[in-house]
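Colleague: Let me begin by handing over the structure; questions about it come next.
In the working numbering, the protein residues as written are 7 to 166.
Okay, structure coming up:
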C-alpha cells in the first residue's frame, strides 16, 4: 500500500492512502501531538469531506485498536505456520534494570536468539524498534522466538 506523506509547514505532517475500494483516508499529525482523521470525497478524491479532530489520548486509543490488534493477528498466523515459534508480551516493570536503558544495551537477540518485534508504549506501537530505542517502565515488549528464548528475554528484562 502506498502512503503519501506531505510536510505541512508550521502545522505538522499529513499521511494519506487509498483503500482497496478507492476511498482516500488520511491523518494530519500536528506538531503539538494532536491528530486529525481525514475522509475524502468519493467523487473528488482531492476534497476532504470529513475531518475528525482527535486528542492525543483519542489518537492513541484508535491506534491501539487498529495497530496492536493487527500485530497480534499477524503473530498468531505466524505461529500457525511455524511450529515451535511463540510470542510473548513482556512488561518493563518499574525498577527493571532496563528502565531507561536502550534495546542495544540488552543484547536480546545475541543472548537469547529471540527478537523484539515491537514495543507498545501508552497505546502506541513502535514496530521493529532500533537498537537506540530507550525502554521505559510500563512498556510492553513484544518478543518472538522459541519458548526458551522468550522466557529468557523476560528474565533479562526483569533481572538483568
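Every residue gets a Cβ at the ideal spot worked out from N, C-alpha and C, and that includes glycine. All figures in this text were calculated on a predicted structure; none of them were measured in a lab.
Could you pull out every unbroken alpha helix (DSSP H) segment of at least 4 residues lying fully inside the region 83-142, listed in chain order?
Modeller: The region 83-142 contains these whole alpha helix (DSSP H) runs: 109-112, 114-118.
Colleague: With a CB to CB cut of under 7 Å and the five nearest residues on each side skipped, what residues in its chain are close to residue 13?
Modeller: 19.
Colleague: Below 8 Å on the Cβ atoms is my contact criterion, and I expect residue 137 with residue 108 to pass it. Report the Cβ-Cβ distance as a whole number of Å.
Modeller: Contact flag correct, Cβ pair sits at about 6 Å.
Colleague: Please identify the residue among 111, 100, 95 whose C-alpha is closest to the C-alpha of residue 146.
Modeller: Per the Cα distances, 95.
Colleague: Buried or exposed: where does residue 23 fall if 16 or more other Cβ atoms within 10 Å of its Cβ makes it buried?
Modeller: By the neighbour-count rule (16 or more Cβ atoms within 10 Å), residue 23 is not buried but exposed.
Colleague: Considering only the beta carbon of each residue, do residue 60 and residue 42 sit closer than 8 Å?
Modeller: Their beta carbons are under 8 Å apart, which means residue 60 touches residue 42 by this criterion.
Colleague: Any idea if residue 163 is buried or exposed, counting beta-carbon neighbours within 10 angstroms, 16 or more meaning buried?
Modeller: It counts as buried.
Colleague: Look at the Cβ atom of residue 140, then the Cβ atom of residue 106, and state whether they are nearer than 8 Å.
Modeller: Taking 8 Å as the Cβ cut-off, residue 140 and residue 106 qualify as a contacting pair.
Colleague: Starting from residue 69, follow the alpha helix (DSSP H) in both directions and report where the run begins and ends.
Modeller: Here the alpha helix (DSSP H) through residue 69 covers 62-69.
Colleague: Measure the beta-carbon distance from residue 21 to residue 29 and round it to whole angstroms, keeping in mind my assumption that it falls under 8 Å.
Modeller: Wrong, their Cβ atoms sit about 15 Å apart, outside the cutoff.
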